[in-house]
Structures are given as C-alpha cells and as structure tokens.
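Everything below concerns the one structure shown next.
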Amino acid sequence: CLLTDPVVGGIHWNENWAMGCDFHGNDLSNVQIRGEQCSQRCAETNGCTHFAWNNWNGGTCWMKHGSVSKNNAFESWDRNMVCGVLDKGANPKPRTSI
1 CLLTDPVVGG IHWNENWAMG CDFHGNDLSN VQIRGEQCSQ RCAETNGCTH FAWNNWNGGT
61 CWMKHGSVSK NNAFESWDRN MVCGVLDKGA NPKPRTSI
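See below:
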C-alpha cells in the first residue's frame, strides 16, 4: 500500500501546510520571521485564518484573514514559498510580551 500526501489543485499538502503555494489577497499583517514560525504566529494573531511565507526581506510571514480552504490556494512560481490554513479546532495559548 503506497501512502501519498493529499493533492489539492496540484499542491501537495502536509496536513495544513504546503510548499510552493500562496493565497490571493486578504492580507491582515506581516512580520519578518522564519518560515517554521509562520503557522504559530498566525494562530497567535487575532483574526488570522491562513498564511503564506516567502523569502522577501529575509523571510516574511503574511498573515491573512477570511473564510478559506485548501482549494483557495494556488501554485506559486516560488517553490520555496509556504502556505497554510489554521486548524479550526486549534486553540493556541495567547502570546504575551514583557
């Protein structure tokens, strides 16, 4: 039995994130962080429902808002770009700053 990642619209998803994809518009905010941190930052940002990350400006996480699914993602020419959707059941701890 061969197991493969689910493919939606030509994008190979790893659970709730994928490489080489983006979402149109709906930018909420952005921050310069590493790609591995983008999903968590989105989860900690009020109103963020999905995200995209690219190498722009040393690595930028684009937090996005609105009703979206994996079907709304499109393939990016930048194969290093990452996109993802938040798990609706997730309830992350709020981020605090000192």
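Numbering-wise, UniProt numbering puts 24 at position 24 of the sequence shown, and it's gapless, one number per residue. Backbone N, C-alpha and C define an ideal beta-carbon position, used for all residues, glycine too.
Length of the line joining the Cα atoms of GLN37 and ASN16: Taking the first residue of the sequence shown as 1, we reach residue 37 at position 37. Taking the first residue of the sequence shown as 1, we reach residue 16 at position 16. Per the coordinates, the alpha-carbon of GLN37 lies some 14 Å from the alpha-carbon of ASN16.
Through-space distance from MET19 to SER67, alpha-carbon basis: Sequence index remark: in the sequence shown, residue 67 carries index 67 (1-based). Sequence index remark: in the sequence shown, residue 19 carries index 19 (1-based). When rounded, the distance between both Cα atoms is 21 Å.
Distance, PHE51 Cα to ASN72 Cα: Position 72 of the sequence shown, counted from the first residue, corresponds to residue 72. Position 51 of the sequence shown, counted from the first residue, corresponds to residue 51. So the alpha carbons of these two residues sit roughly 12 Å apart.
Integer Cβ distance of ASP22 from CYS61, believed to fall under 8 Å: Stepping through the sequence shown from its first residue, residue 22 is reached at position 22. Stepping through the sequence shown from its first residue, residue 61 is reached at position 61. Not confirmed; about 12 Å, so no contact.
Outcome for TRP53 when other beta-carbon atoms lying within 10 angstroms are tallied against a minimum of 16: Numbered from 1 along the sequence shown, position 53 holds the residue referred to as residue 53. Counting C-beta atoms within 10 angstroms of its own C-beta, TRP53 has 16 or more neighbours from the protein chains shown and is therefore classed as buried.
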